[in-house]
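Peer 1:
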């Protein structure tokens, strides 16, 4: 059976993610998970919180608690997990985060960046001029605008933290009022149930990053 890897910026395993991508990976792939925060103490995790000088990322701990991290602080931990998964014989590695990471990671197998996957998908669609982007934290909005305004003329960011609320009527109402052509759930924490709620509420297609990225992973091994 083929082995593939997945790295969360929080703690592994991400059982919530597997509920949505298990069927996509099927029975021919074994997913080996690793977490950037695996083995760290509470104090060590606290030291990785944003200090206002870098990009903000959101993930969760093994017990389901949400955690906010600074991207630049966890890059060495992600590199370590990449090497550990390669030693376990994985054929490709999925980063379970939609952050725009630098391309300096050392990897001898394909490394999948969900941010590039969803950006490429939206860029390949015609007649998308007003894009709704669902993101967890207000501190991420500046980066969200910079990321998506390279692709579409108008970006409508809305807040919905997937680790705090199952549904967000406020986010859905904002997107519906803005008459977006399409919405993207720009965080790996959003689930299919959340996507289905959003799509029904705004009557527009909604892209779910975790399932799109999982399909890419299943295709390249």
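Residue numbers (the working numbering): 1 to 221.
Glycine is no exception: its CB is placed at the ideal position from the N, C-alpha and C atoms.
Treat the numbers as computed from the prediction; the structure is a model and nothing was measured.
(1) Taking 9 Å as the threshold (C-beta atoms), are residue 129 and residue 152 in contact?
(2) Have a look at 70, 12, 181 and flag the residue whose alpha-carbon is nearest the alpha-carbon of residue 248.
(3) Reducing DSSP to helix, strand and coil, say where residue 67 ends up.
(4) Mind checking if residue 174 is an interface residue toward chain D, Cβ cutoff 9 Å exclusive?
(5) Does the count of Cβ pairs from the stretch 103-113 and the stretch 134-148 closer than 8 Å reach three?
(6) Could you compute how far the alpha carbon of residue 15 sits from the alpha carbon of residue 58?
(7) In angstroms with no decimal places, state the Cα-to-Cα distance between residue 39 and residue 211.
(8) Can you check which of these residues, 197, 20, 107, is closest to residue 167 by C-alpha distance?
(9) Quick one: give me the first and last residue of the beta strand (DSSP E) that residue 18 is part of.
(10) What number of angstroms, rounded off, separates the C-alpha of residue 25 from the C-alpha of residue 217?
(11) If we call anything under 9 Å between Cβ atoms a contact, is residue 208 one with residue 190?
Peer 2: In terms of the structure at hand:
(1) yes
(2) The structure shown does not extend to residue 248, since the chain is modelled only from 1 through 221, so no value can be given for it.
(3) strand
(4) The structure shown contains no chain D; it holds only a single protein chain.
(5) no
(6) 16 Å
(7) 27 Å
(8) 197
(9) No beta strand (DSSP E) contains residue 18, which is instead part of the alpha helix (DSSP H) from 15-25.
(10) 8 Å
(11) yes
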